[in-house]
Structures are given as structure tokens and as C-alpha cells.
Amino acid sequence: MFGGLKDTLTSAAARSLVASRIERYGKLTELHLDSKARTITAEIVLEGETEPVAIHVGRYRIGGEAGKHTLTVEELEVSRAWLKNLLEDVLVGKPLHVPSLLLVALGKPG
5 MFGGLKDTLT SAAARSLVAS RIERYGKLTE LHLDSKARTI TAEIVLEGET
55 EPVAIHVGRY RIGGEAGKHT LTVEELEVSR AWLKNLLEDV LVGKPLHVPS
105 LLLVALGKPG
């Protein structure tokens, strides 16, 4: 019952964090987390483009230890082939630091 509400509220917090990290490249227009399914869906309008790019993280895992948690993307779909190739090279399988605030949103109790 509360899982959907939690995901909605924490998606908003995550949206702010992600938007600030990618603002040089474009504007984040949508971000949805599903902590139960461990998926992330985003839409970004890249700088200089008019059509949005859809990104779907089909599976991720949380690792690390207290204060040093990481998110590792395991499965990724992107609506632009060249961007999918780039993100597979630099993102998939590489642990990314996750702020403690987002742990619950991503499905791991803080």
C-alpha cells in the first residue's frame, strides 16, 4: 500500500539529485523509481535536441557498507542506440556512490 507512495515521494527527491548531476547535458523531465521491481525509468531532453531520450534501468543492485553504499546498474535500455552504447561502456556494471538519503527509495533500508 505504502510502497507506491514511498516511490512517488522519493522519486521527487531523486529527480532533484539526478537533474543537478546532468544539467550540463540536458534536462531531466521524468524520473520514476520502483523499489520493489528495482527499476528506474527516466526521460531526458539532451542539450541541442528537441525529442526526449527514454532510459530504463531494468535491474540494479545496492552494495557497499554503511555510509559508502553503491548502486550498480545491471540492465539498461535507451531509446538512442549511440547513447545506449556509451552508457553500457561507462555505467553498466560500475558501482556509483549513492547518498544515504536515497537508500530507502532504492529498496534498501538505511
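Take 5 as the starting number for the sequence shown in my numbering and just add one per residue. Idealized CB from N, CA, C, for every residue including glycine. Keep in mind that this is a model prediction, so the values were computed, not measured.
Own chain, CB closer than 6 Å to residue i, minus 5 neighbours either side, in chain order
i: E81; result: H60
i: I44; result: L37 and V61
i: G97; result: none
Residues near residue i in its chain [Cβ-Cβ closer than 8 Å; skip 5 each side]
i: S15; result: L35, H36, L37 and A109
Local Cβ density within 10 Å of residue i, reported as buried at 16 or more and exposed below that
i: S39; result: buried
7 Å Cβ cutoff met for residue i and residue j
i: G68; j: T74; result: yes
i: S63; j: E79; result: According to the sequence shown, residue 63 is Arg rather than Ser. Yes, these two residues count as a Cβ contact at 7 Å.
Alpha carbon of residue i to alpha carbon of residue j, nearest angstrom
i: A58; j: L32; result: 10 Å
i: I48; j: G30; result: 6 Å
i: A70; j: D93; result: 28 Å
i: I26; j: R19; result: 11 Å
i: M5; j: P99; result: In this prediction, M5 has a pLDDT of 47, which is less than 50 and means its spatial position is unreliable; what the coordinates show is noted afterwards. For M5 and P99, the distance between alpha carbons rounds to 31 Å.
i: S24; j: A17; result: 11 Å
i: W86; j: L21; result: 25 Å
i: R65; j: N89; result: 21 Å
Cβ shell of residue i (< 7 Å), same chain only, five flanking positions each side left out
i: E51; result: Y29 and G30
Segments assigned alpha helix (DSSP H), at least 4 residues, entirely inside the stretch 11-98: 85-94
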